[in-house]
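Colleague: Chains as they are written, first to last, in the numbering used here: chain A, 1 to 106; chain B, 1001 to 1106. Each residue gets a CB set at the ideal place from its N, CA and C atoms; glycine is no exception. Once you've had a glance at the structure underneath, I'll fire off some questions.
Number of protein chains: 2
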Amino acid sequence: MNAKEKNLYEAKAKVLKALAHPTRLWMAEQLSAGEMCVCEFVDQVEADFSTISKHLSVLKQAGIVQDEKRGKQVYYTMRVPCVMNFMSCVEAVIENNAKAQAELLK
Amino acid sequence: MNAKEKNLYEAKAKVLKALAHPTRLWMAEQLSAGEMCVCEFVDQVEADFSTISKHLSVLKQAGIVQDEKRGKQVYYTMRVPCVMNFMSCVEAVIENNAKAQAELLK
DNA sequence: AAAACATTTGGCTATTTTGCCAAATATCAG
DNA sequence: CTGATATTTGGCAAAATAGCCAAATGTTTT
């Protein structure tokens, strides 16, 4: 693996890492259904609003979402909607794991 | 978000987290092309073999790969091949980011 | 049984990530 | 301008992750 390839894998990993947090993943899924402002997340997520803001910032830094200020509020939208397409496969992994677990109990 | 839903997002995040490391992501991509033994990774990755073993263990714990001992060697294979399908989208994110960067320089 | 080989595990430190609080910034209402 | 509201930023402590070394385990060869 040369330097260029290494950079590529680091870039890819950064995108995945941004999604690899329960709260951020949930946020991304919500945004897949349409834009939301920070205040809506504050209402629905049990965490300090500064924490929520930082999570959104991580998603933005990774290039997954974008923000737009309108009045007092900041609205976030998905920038690359396809990102959520693979969640069905992630769910398949989890189902597989559950099956394997169940198998152990037989 | 109730407790059950929270568990689900934690499980999904765990799968993503397992892939969210340059070395592990590279390993997963290699395995998408067919099985490999730990020793092959040791030859190709610049890291201690214990580190490599631990990375593979993380992928296994997440349910992404499975292992099989044959003789002295341990062979790893993808357990849920679809996991790599979304990489084209992750690449799209990166391309988008690059475009945005380029735009800044104009 | 001993030596050699392949891999995993335990333990430790360095680094990164999380999440809260407090403070700063920006916008709007009066 | 002042105060209220929405959000971001800085700073810090706690928790999680990464990666190396050494030791343990399992397998084959001699």
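Does DSSP put R1024/B in a helix, in a strand, or in coil?
Modeller: Along the second sequence, one-based indexing puts residue 1024/B at 24. It is helical.
Colleague: Taking the alpha carbon of V1083/B as the point to measure from, which residue in T51/A, L16/A, L56/A and K6/A has its own alpha carbon closest?
Modeller: One-based indexing of the second sequence puts residue 1083/B at position 83. Considering only alpha carbons, the answer is L16/A.
Colleague: Quick one: what's Q73/A bridged to in DSSP?
Modeller: Here residue 73/A corresponds to residue number 73 of the first sequence, with the count starting at 1. Partner(s): R70/A.
Colleague: Quick one: which residues of the segment 33-63 of chain A get their C-beta closer than 9 angstroms to a C-beta of chain B? List them in chain order.
Modeller: Listed in sequence order: Q44, V45, E46, A62 and G63.
Colleague: Taking all protein chains shown into account, decide if A28/A is buried (16 or more other Cβ within 10 angstroms of its Cβ) or exposed.
Modeller: Within the first sequence, numbered from 1, the residue matching residue 28/A stands at position 28. Counting Cβ neighbours within 10 Å, A28/A comes out buried, since at least 16 surround it.
Colleague: Exposed or buried, what is G1120/B when buried is set at 16 or more other beta-carbons lying within 10 Å of its beta-carbon?
Modeller: No statement about residue 1120/B is possible, as the shown extent of chain B runs from 1001 to 1106 and does not include it.
Colleague: Roughly how many angstroms separate the alpha carbons of E68/A and Y75/A, rounded to a whole number?
Modeller: Position 68 of the first sequence, counted from the start, is the residue given in the question as residue 68/A. Position 75 of the first sequence, counted from the start, is the residue given in the question as residue 75/A. Looking at the two C-alpha atoms, the distance is approximately 5 angstroms.
Colleague: Roughly how far, in whole angstroms, is the beta-carbon of L1025/B from the beta-carbon of L1031/B, given that I think they are within contact range, below 8 angstroms?
Modeller: Taking the first residue of the second sequence as position 1, residue 1025/B is located at position 25. Taking the first residue of the second sequence as position 1, residue 1031/B is located at position 31. Actually they do not touch by this definition, with Cβ atoms about 11 angstroms apart.
Colleague: From which residue to which residue does the alpha helix (DSSP H) around E1040/B run?
Modeller: Position 40 of the second sequence, counting from 1, holds the residue named residue 1040/B. Note, E1040/B: alpha helix (DSSP H), V1038 to Q1044.
Colleague: Using 10 angstroms around the beta-carbon of P1022/B, count the other beta-carbons present and answer buried if the total reaches 16, otherwise exposed.
Modeller: For the purposes of this step, residue 1022/B is taken as the residue at position 22 of the second sequence. P1022/B comes out buried.
Colleague: So what does DSSP say about V1083/B, is it helix, strand or coil?
Modeller: Along the second sequence, read from residue 1 onward, the residue named residue 1083/B stands at position 83. Here V1083/B sits in helix by DSSP.
Colleague: Determine the direct distance from the alpha carbon of R1070/B to that of A1100/B, and round the result to whole angstroms.
Modeller: In the second sequence, residue 1100/B corresponds to position 100, counting from 1. In the second sequence, residue 1070/B corresponds to position 70, counting from 1. A1100/B and R1070/B: Cα-Cα distance of roughly 49 angstroms.
Colleague: Among Q44/A, K106/A, G63/A and L104/A, whose alpha-carbon lies nearest the alpha-carbon of C1089/B?
Modeller: Position 89 of the second sequence, counted from the start, is the residue given in the question as residue 1089/B. For the residues Q44/A, K106/A, G63/A and L104/A, the minimum Cα distance to C1089/B belongs to G63/A.
Colleague: Taking L25/A as the query, report the chain B residues whose CB atoms sit under 8 angstroms from its CB, ordered along the chain.
Modeller: For this step, residue 25/A is matched to residue 25 along the first sequence. Under the 8 angstroms cutoff, chain B gives Y1009, K1012, A1013 and L1016.
Colleague: Compute the Euclidean distance between the alpha carbons of T1077/B and K1060/B, then round it to the nearest angstrom.
Modeller: Indexing the second sequence from 1 puts residue 1077/B at position 77. Indexing the second sequence from 1 puts residue 1060/B at position 60. Computed Cα separation, rounded: 10 angstroms.
Colleague: Whose C-alpha, out of N2/A, L104/A and V42/A, is nearest the C-alpha of E1046/B?
Modeller: By 1-based counting over the second sequence, the position of residue 1046/B is 46. When each option's Cα is compared against that of E1046/B, the closest is N2/A.
Colleague: Along the segment 1074-1085 of chain B, where does the CB come closer than 8 angstroms to a CB of chain A? Name the residues.
Modeller: Going along the segment 1074-1085 of chain B in chain order, one finds R1079, V1080, C1082, V1083 and N1085 with a Cβ nearer than 8 angstroms to chain A.
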